[in-house]
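Enquirer: Numbered by full-length UniProt numbering, the letters in the sequence shown go through residues 1 to 213 in order.
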Amino acid sequence: MPTPPFDDPAAAGSVCATALAGAIRGCRICAGRFAATATAHEPRPVVWFRPAARLLIAGQAPGARVHASGRPFTDPSGDRLRDWTGLSEAAFYDLDRVAVVPMAFCFPGYDAKGADLPPPPVCAREWRGRVMAAMPGLRLVLAVGGAAQRWHLGTGNVTQAVAEWRDHAARGIWPLPHPSWRNTGWLKRNPWFGAELVPALRQAVRDVMEDGQ
Ligand code: SF4
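Next comes the structure, spelled out in structure tokens:
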């Protein structure tokens, strides 16, 4: 493993990102918060990024299935998101091109109605700026759900942000609703999403993924 000083900035960035990923994997900031939930689980950060990433999927937080698998979007939401983006499983999990960095790295637990709790804000405060800085080649960001849109776009109004997708996409940030089954009604009420946004998104993703740079 190279040691400082680095002649090659890319190698230095890679080592920094590796150290950062390791620090996040060891993070236990929310241990008390998670222990107090009905599942009383321990933190299990799902860390999925490398410095070479060109496409970032910025989601909410892992659900229970992803908490168990340790791999992002191994659930029906992931199937729907892959369909929206046109990415095969192999491309979606290609760490040298795609990063999956949610607003919290750990499963937050359930609320009283059995829905996932929101991502603990402390996670983005602690880690997100540094993770973003560790991926200098990002060209496309998919901001999935209100929490990611608040951070990347400064607005948490999902319907409005997604309706204005053309303006945001021009800056390389695509606001998307969360692909959870809970949003199936939203998708039916907004048929332009599937008819207009999804085909344009697939093209944008294809352009970035296939670019030989
Ligand atoms: S959610 Fe984030 S801040 Fe909380 S324990 Fe997991 S990695 Fe740490």
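Beta carbons are placed, not taken as given, at the ideal position from N, Cα and C, and that holds for glycine.
Small disclaimer: the values here were computed from a predicted structure and weren't measured.
1. In the structure shown, what three-state DSSP assignment does VAL47 receive?
2. Quick check: the Cα distance between GLN203 and GLY109, rounded to an integer number of angstroms?
3. Report the rounded CA-to-CA distance for PRO9 versus ALA99, giving the unit in angstroms.
4. Excluding the five sequence neighbours on either side, which residues of its own chain have a C-beta within less than 8 Å of the C-beta of LEU153, listed in chain order?
5. So if DSSP puts ILE57 in a beta bridge, which residue, or which two residues, is it bridged to?
6. Rounded to the nearest angstrom, what separates THR184 and ASN157 at their Cα positions?
7. Pick out whichever of VAL208, GLU210, VAL198 has its Cα sitting closest to the Cα of ARG82.
8. ARG44 and PHE107: beta carbons closer than 8 Å?
9. Whose C-beta lies closer than 8 Å to the C-beta of ASP75 among residues of the same chain, with five residues either side of it excluded?
10. Kindly indicate which three-state DSSP category ASP116 falls into: helix, strand or coil?
11. Rounded to whole angstroms, what's the CA-CA distance from PRO179 to ALA19? Just pull it up for me.
12. According to DSSP, is ILE173 helix, strand or coil?
Expert: From the atom records:
1. coil
2. 35 Å
3. Reliability of the predicted coordinates at PRO9 is poor, the pLDDT of 47 falling under 50, and the value obtained from them is presented with this limitation in mind. Distance between the alpha carbons of PRO9 and ALA99: 20 Å.
4. ALA143, ALA161, HIS168, ILE173, PRO175
5. VAL100, LEU142
6. 17 Å
7. VAL198
8. yes
9. GLY63, ARG65, VAL66
10. strand
11. 31 Å
12. strand
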